[in-house]
Amino acid sequence: MHLWPSGSTSRAHTHPRGHLVYAAGGVLSVHTERGVSVVPANRVIWIPARSTHHHRAHGDTDMRIVFLPPSLARRTPARPAVFLASGLAREVILTLTGTRQLDRGARARLHRVLVDELHETHEQPTHLPEPRDDRLRAVARILDDNPADGSTLAALGQRVGAGARTLSRLFHDELGMTFYEWRTQLRVCHALVLLAQGHDTTRVARFCGWANPSSFIAAFTAIVGTTPGRHRAGGITGT
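Heads up: the sequence shown is residues 1 to 239, going by full-length UniProt numbering.
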């Protein structure tokens, strides 16, 4: 258990064992070589052994870390991955990282339950993959600086020196999604951070580029699995 004030950041580091990171309160952004994952209260991120990463807290954050033995780590992806934190997974993580004294057998059983539960829920990314191509990186910087920018891909291409067709192909080949899917994911990641900092839904919708709160709520719910209001109140969804 690590209690971090808003804005706290760790240095880039690795661990010899793979581990799960969960924000019981607040929101974490976890930066790896594959990009940035935003981890609200209904997500948990898996970080494999020796994977370089660092964290940042958005809002006062209660970070929980569960290290897995190698026998269970082999059942998880070989890359960082984000999973839905069901109600059961959440309670197991809180028990493993809480003040209750557990013997080795109980801890091992809870570890197995947790990994089984992640397998049942599958991956549910709130993840923004990191572009490699310089032109995609330039587009990403523009929209990260101003997520409300509603420029078309063609207009952005003129600013970075690439055609819309080329950029569209790069988004598909490098990031596995369309430009519009990626931009929506970027906006939702920004929205999670702003909500954790205490901003209201209307202001967040406007800052992140939605024309009205209702369209923001629909997009946010489709990706995060809960409404912005319920998310701010600390509610999570389960499976």
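Where a beta carbon is used, it is the ideal one built from N, C-alpha and C, also for glycine.
A quick note: this is a predicted structure, and the numbers were derived from the prediction, not measured.
Please classify residue i: is it buried, with 16 or more other beta-carbons within 10 angstroms of its beta-carbon, or exposed?
| i | result |
| --- | --- |
| G7 | exposed |
| G98 | exposed |
| A81 | buried |
| I236 | With a pLDDT of only 47 at I236, under 50, the local geometry of the prediction cannot be trusted, and no value is derived from it. |
| R187 | buried |
| P131 | buried |
| G18 | buried |
| T201 | buried |
| R43 | buried |
| G157 | buried |
| G26 | buried |
| M1 | exposed |
| S215 | exposed |
| Q101 | exposed |
| G198 | exposed |
| P129 | buried |
| S71 | exposed |
| L194 | buried |
| R159 | exposed |
Identify every residue that forms a DSSP beta bridge with residue i.
| i | result |
| --- | --- |
| V21 | I45 and I65 |
| P129 | G35 |
| T99 | DSSP lists no partner for T99. |
| W4 | T61 |
| L156 | None; L156 has no bridge partner. |
| residue 240 | Residue 240 lies beyond the range of the chain shown here (1 to 239); nothing can be said about it. |
Residue i and residue j look like a contact to me (Cβ under 8 Å); what is the Cβ gap, rounded to whole Å?
| i | j | result |
| --- | --- | --- |
| I217 | T126 | The Cβ separation is near 16 Å, so there is no contact. |
| V39 | A23 | 5 Å |
| L28 | A57 | 6 Å |
| L84 | G225 | 7 Å |
| V30 | H53 | 6 Å |
| P5 | D60 | 6 Å |
| I93 | R64 | 5 Å |
Figure out for me which residue from the options has the closest Cα to the Cα of residue i.
| i | options | result |
| --- | --- | --- |
| Y180 | V193, H2 and A148 | A148 |
| R169 | A196, R135 and G198 | R135 |
| G161 | G150, D145, E174 and V139 | V139 |
| R90 | L118, R74 and A108 | L118 |
| N146 | S86, R64 and F207 | F207 |
| R109 | T121, T95, E120 and H122 | T95 |
| T14 | H55, A41 and G87 | H55 |
| T121 | I93, G87, R104 and R137 | G87 |
| A211 | L195, G150, R141 and R74 | G150 |
| G209 | Q185, D116 and G229 | Q185 |
| H111 | R75, E33, H172 and Q124 | R75 |
| residue 240 | H190, G229 and L153 | Because the chain spans 1 through 239 in this model, residue 240 falls outside it and cannot be assessed. |
| D144 | A191, A41 and V66 | A191 |
| R183 | A196, V113 and F220 | F220 |
So for residue i, helix, strand or coil by DSSP?
| i | result |
| --- | --- |
| S71 | helix |
| N56 | Per the sequence shown, the amino acid found at residue 56 is Arg instead of Asn. R56 falls in the strand class under three-state DSSP. |
| S10 | coil |
| G26 | strand |
| T81 | Note on residue identity: the sequence assigns Ala, not Thr, to residue 81. Strand. |
| D149 | coil |
| C208 | coil |
| H231 | helix |
| T226 | coil |
Below 6 Å, is the gap between the Cβ of residue i and the nearest heavy atom of the ligand GTP?
| i | result |
| --- | --- |
| L143 | This structure simply doesn't include the ligand GTP, nor any ligand for that matter. |
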